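Some notes on the structure that comes next.
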Amino acid sequence: MKPFSDACEENKAPILSVLTPLLREARAVLEVGSGTGQHAVHFAAHLPHLMWHTSDRAMHHAGIQAWLDEAALPNVQPPLRLDVLSDPWPELLVDAVFSANTLHIMSWVAVQAFFAGVGKCLAAGGLCVLYGPFNYDGAYTSASNERFDQWLKQRDPLSGIRDVADLTQLAQQAGMVLLHDIEMPVNNRVLVWCKQ
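With the numbering used here applied, the sequence shown closes on residue 244, and no number is skipped along the way.
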């Protein structure tokens, strides 16, 4: 049985429309937190010029592999084991790191580890592309995001929607500058940083 995420199904087309021009020159992408594997097979099928490296914690690997096996794409790699707090980052030098709906389920310490790791595996000129809900100056962009944040924190007090300014500061420490902040459907954004 393949895992299935309704959110992935709904957001894959809008995200792909943003990724396509961003990754036109890319050759290798590391996806951090590949989850079900749905995004990986959808994006790799539409971006055949690049190699898509999936990664996640070990408990998600079987589900990701089920999607990869069914799609049988030549440009998607089996999932790498990556818990940003406990696993060494893969020894890859990639043109982009992509992650969707991950930072708000991580602790702040894990978010810090995420940016430090991205800074090490991104080539100069490489992009860090993040999709999800984000706050601005401590404020929510919608009432639904506020409710979502409350639900997240009830489930795990260390999680929560992150502020763009805080993330940008971590990115700067890792040698990256914010290039794009793109509005997406359902009160989400795509944030893009470039490695200097």
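C-beta: ideal position from N, C-alpha, C; glycine also. Model, not experiment: these values are computed from the prediction.
Which whole-angstrom value describes the C-beta separation of ALA171 and LEU141, a residue pair presumed to lie in contact below a C-beta threshold of 8 Å?
Taking the sequence shown and counting its residues from 1, one reaches residue 171 at position 123. Taking the sequence shown and counting its residues from 1, one reaches residue 141 at position 93. With 8 Å as the limit, ALA171 and LEU141 qualify as a contact, their Cβ atoms being about 5 Å apart.
Report yes if the CB atom of VAL77 is closer than 8 Å to the CB atom of LEU70, and no otherwise.
One-based indexing of the sequence shown puts residue 77 at position 29. One-based indexing of the sequence shown puts residue 70 at position 22. No.
GLU118, DSSP secondary structure in three states:
For the purposes of this step, residue 118 is identified with residue 70 of the sequence shown, where counting begins at 1. In the structure shown, GLU118 adopts helical secondary structure according to DSSP, grouped into three states.
From the DSSP output, in three-state form, read off ARG105 for me.
As a working mapping, residue 105 is identified with position 57 in the sequence shown. Three-state result, ARG105: coil.
Per DSSP, which one or two residues make a beta bridge with VAL228?
As a position in the sequence shown, residue 228 is number 180, starting the count at 1. Checking the displayed sequence, the identity of residue 228 turns out to be His instead of Val. Per DSSP, VAL240.
Below 8 Å between beta carbons: does that hold for ASP104 and PRO127?
Working through the sequence shown from its first residue, we reach residue 104 at position 56. Working through the sequence shown from its first residue, we reach residue 127 at position 79. Remark: C-beta atoms of ASP104 and PRO127 approach each other more closely than 8 Å.
Compute the beta-carbon to beta-carbon distance between SER147 and GLY81, rounded to the nearest angstrom, for a pair I have assumed lies under 8 Å.
Translated into positions along the sequence shown, residue 147 becomes position 99. Translated into positions along the sequence shown, residue 81 becomes position 33. Sure, about 5 Å apart at Cβ, within 8 Å.
Identify whether TRP137 lies in helix, strand or coil by the three-state DSSP scheme.
Within the sequence shown, the letter at position 89 stands for residue 137. Taken through DSSP and simplified to helix, strand or coil, TRP137 comes out as coil.
How big is the Cα-Cα spacing for ARG203 and HIS152?
Indexing the sequence shown from 1 puts residue 203 at position 155. Indexing the sequence shown from 1 puts residue 152 at position 104. Taking the straight line from one Cα to the other gives about 12 Å.
Below 6 Å CB to CB, which residues in the same chain sit around ARG75 once its five sequence neighbours on both sides are set aside?
For the purposes of this step, residue 75 is identified with residue 27 of the sequence shown, where counting begins at 1. Same-chain partners within the cutoff: LEU98, ASP143.
Pairs of beta-carbons, one from the segment 175–190 and one from the segment 224–238, closer than 8 Å: are there three or more?
yes
Please list, in chain order, all residues of the same chain as HIS90 whose beta carbon is under 6 Å from its beta carbon, the five residues on each side excluded.
Taking the first residue of the sequence shown as 1, we reach residue 90 at position 42. In the same chain as HIS90, and ignoring 5 residues on each side of it, the C-beta atoms closer than 6 Å to its own belong to LYS60, in chain order.
How would you write the range of the beta strand (DSSP E) that LEU98 sits in, first residue to last?
For the purposes of this step, residue 98 is taken as the residue at position 50 of the sequence shown. That residue, LEU98, is in no beta strand (DSSP E); it is neither H nor E in DSSP.
Output needed for THR189: all residues of its chain with C-beta closer than 6 Å, excluding positions within five of it in sequence on either side, in chain order.
If you number the sequence shown from 1, residue 189 lands on position 141. Cβ neighbours of THR189 beyond the five flanking positions: ASN235.
Tell me the rounded alpha-carbon separation between MET107 and LEU133.
Mapped onto the sequence shown, residue 107 falls at position 59. Mapped onto the sequence shown, residue 133 falls at position 85. Rounded to the nearest angstrom, the two C-alpha atoms are 15 Å apart.
Judging by CA-CA distance, which residue of THR68, LEU215, GLU58 is the nearest neighbour of VAL157?
What you label residue 157 is simply residue 109 of the sequence shown in a count that begins at 1. Closest option to VAL157, Cα to Cα, is LEU215.
Whole-angstrom C-beta distance between THR84 and ILE112, which should lie under 8 Å
Translated into the one-based positions of the sequence shown, residue 112 becomes position 64. Translated into the one-based positions of the sequence shown, residue 84 becomes position 36. That belief holds up - the Cβ atoms of ILE112 and THR84 are roughly 7 Å apart, short of 8 Å.
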